[in-house]
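In this note's numbering, the protein residues as written are 110 to 400.
In what follows, a single structure is set out as structure tokens and then discussed.
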């Protein structure tokens, strides 16, 4: 029983990271029908900058906050230089290559800066573990899925009860019609990428104390976060969060009962099979194009 609880709690922790990353993909896709494939590196930016800001003498809370804000700024800059130039070109997917290229460059700079070493981020959340039904877990790990759910609920509330949230929904529904109604579409898209960047950097800050910050810490979470967004239905915020949590739990059970090497095989096989049965994802809505 304690082993099962251990897998569930550990799975929810890593699943919360996937969920936060996937939620960022959902936000970007909903507003621009494009995503930042360097989004995983936003997680790395958050984790590493928190370490460096802390080493510079800033309090932990302020160091983490500044790191998250820089992640949001990274999202804005990337949208402006790597995504926006291609949004007006019908059928262009140039943003795929440009965002991947920027992600590789950012990761290379981080590797040079850290010399390939992983850096610890001290946190009260990993000072000691707690026991839950015989399973040992750090409080930091319990916080991650809670933050993911809160972020999803906050996003839904913002979309339905704020002016910028309604503008995001309008742009997601029909960007051309939204522009005719006086909404600055480019500004809304930039805000969406900034918000996604904030979530990605927050994921990095949350997971860095558990796994340590490194230049490559965002590679797999970024890839799996995108996979989770596709499986859950990239148009559904609750869908991608629930799928992210479930995906993390599934991974831990595969690790425990089969092997770590089988984790990726099973995970991506599930993604392929799910998309064969549900092309729009488990919770996604079919988009109808009028011509």
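Cβ coordinates follow ideal geometry from the N, Cα and C atoms, glycine included.
In this text, all values refer to a predicted model and were calculated from it rather than measured experimentally.
Identity of the residues DSSP links to residue i by a beta bridge
{"i": "residue 244", "result": "241"}
{"i": "residue 206", "result": "DSSP lists no partner for residue 206."}
{"i": "residue 322", "result": "228"}
Backbone CA spacing between residue i and residue j [nearest angstrom]
{"i": "residue 205", "j": "residue 195", "result": "10 Å"}
{"i": "residue 212", "j": "residue 151", "result": "9 Å"}
{"i": "residue 288", "j": "residue 202", "result": "22 Å"}
{"i": "residue 294", "j": "residue 357", "result": "35 Å"}
{"i": "residue 373", "j": "residue 292", "result": "42 Å"}
{"i": "residue 402", "j": "residue 186", "result": "Nothing about residue 402 can be reported from this structure: the residues present for the chain run from 110 to 400 only."}
{"i": "residue 335", "j": "residue 240", "result": "32 Å"}
{"i": "residue 276", "j": "residue 269", "result": "10 Å"}
{"i": "residue 281", "j": "residue 111", "result": "45 Å"}
{"i": "residue 259", "j": "residue 348", "result": "14 Å"}
{"i": "residue 208", "j": "residue 192", "result": "7 Å"}
{"i": "residue 352", "j": "residue 257", "result": "12 Å"}
{"i": "residue 388", "j": "residue 350", "result": "18 Å"}
{"i": "residue 447", "j": "residue 168", "result": "Because the chain in this structure spans residues 110 to 400, residue 447 falls outside the shown range and cannot be described."}
{"i": "residue 249", "j": "residue 231", "result": "11 Å"}
{"i": "residue 327", "j": "residue 229", "result": "15 Å"}
{"i": "residue 247", "j": "residue 120", "result": "13 Å"}
{"i": "residue 362", "j": "residue 332", "result": "20 Å"}
{"i": "residue 308", "j": "residue 210", "result": "21 Å"}
{"i": "residue 224", "j": "residue 286", "result": "49 Å"}
{"i": "residue 245", "j": "residue 283", "result": "48 Å"}
{"i": "residue 392", "j": "residue 181", "result": "27 Å"}
{"i": "residue 190", "j": "residue 296", "result": "14 Å"}
{"i": "residue 153", "j": "residue 354", "result": "20 Å"}
{"i": "residue 227", "j": "residue 377", "result": "27 Å"}
{"i": "residue 234", "j": "residue 337", "result": "26 Å"}
{"i": "residue 237", "j": "residue 122", "result": "16 Å"}
Nearest-angstrom beta carbon gap, residue j and residue i [assumed within contact, 8 Å]
{"i": "residue 160", "j": "residue 148", "result": "With a Cβ gap of about 20 Å, residue 160 and residue 148 do not count as contacting."}
{"i": "residue 145", "j": "residue 302", "result": "6 Å"}
{"i": "residue 184", "j": "residue 322", "result": "Actually they are not in contact, since the Cβ atoms of residue 184 and residue 322 sit about 19 Å apart, beyond 8 Å."}
{"i": "residue 298", "j": "residue 188", "result": "6 Å"}
{"i": "residue 170", "j": "residue 163", "result": "Residue 170 to residue 163, Cβ: 10 Å. No contact."}
{"i": "residue 346", "j": "residue 267", "result": "Residue 346 to residue 267, Cβ: 11 Å. No contact."}
{"i": "residue 219", "j": "residue 324", "result": "4 Å"}
Where the alpha helix (DSSP H) through residue i begins and ends
{"i": "residue 189", "result": "Careful: residue 189 lies outside any alpha helix (DSSP H) and carries neither H nor E."}
{"i": "residue 163", "result": "148–164"}
{"i": "residue 167", "result": "Here residue 167 belongs to no alpha helix (DSSP H), and DSSP marks it neither H nor E."}
{"i": "residue 394", "result": "Residue 394 -> no alpha helix (DSSP H), and no H or E assigned at all."}
{"i": "residue 125", "result": "111–141"}
{"i": "residue 346", "result": "346–366"}
{"i": "residue 288", "result": "284–289"}
{"i": "residue 383", "result": "370–386"}
{"i": "residue 328", "result": "328–341"}
{"i": "residue 233", "result": "Here residue 233 belongs to no alpha helix (DSSP H), and DSSP marks it neither H nor E."}
Report yes or no: do three or more beta-carbon pairs, one from the region 163–177 and one from the region 313–325, lie closer than 8 Å? yes
Are the region 337–347 and the region 118–137 touching, with three or more C-beta to C-beta distances below 8 Å? yes
Contact between the region 352–368 and the region 111–129 (3+ Cβ pairs under 8 Å): yes
Closer than 8 Å is the cut-off here; do at least three beta carbon pairs connect the region 120–130 with the region 251–264? yes
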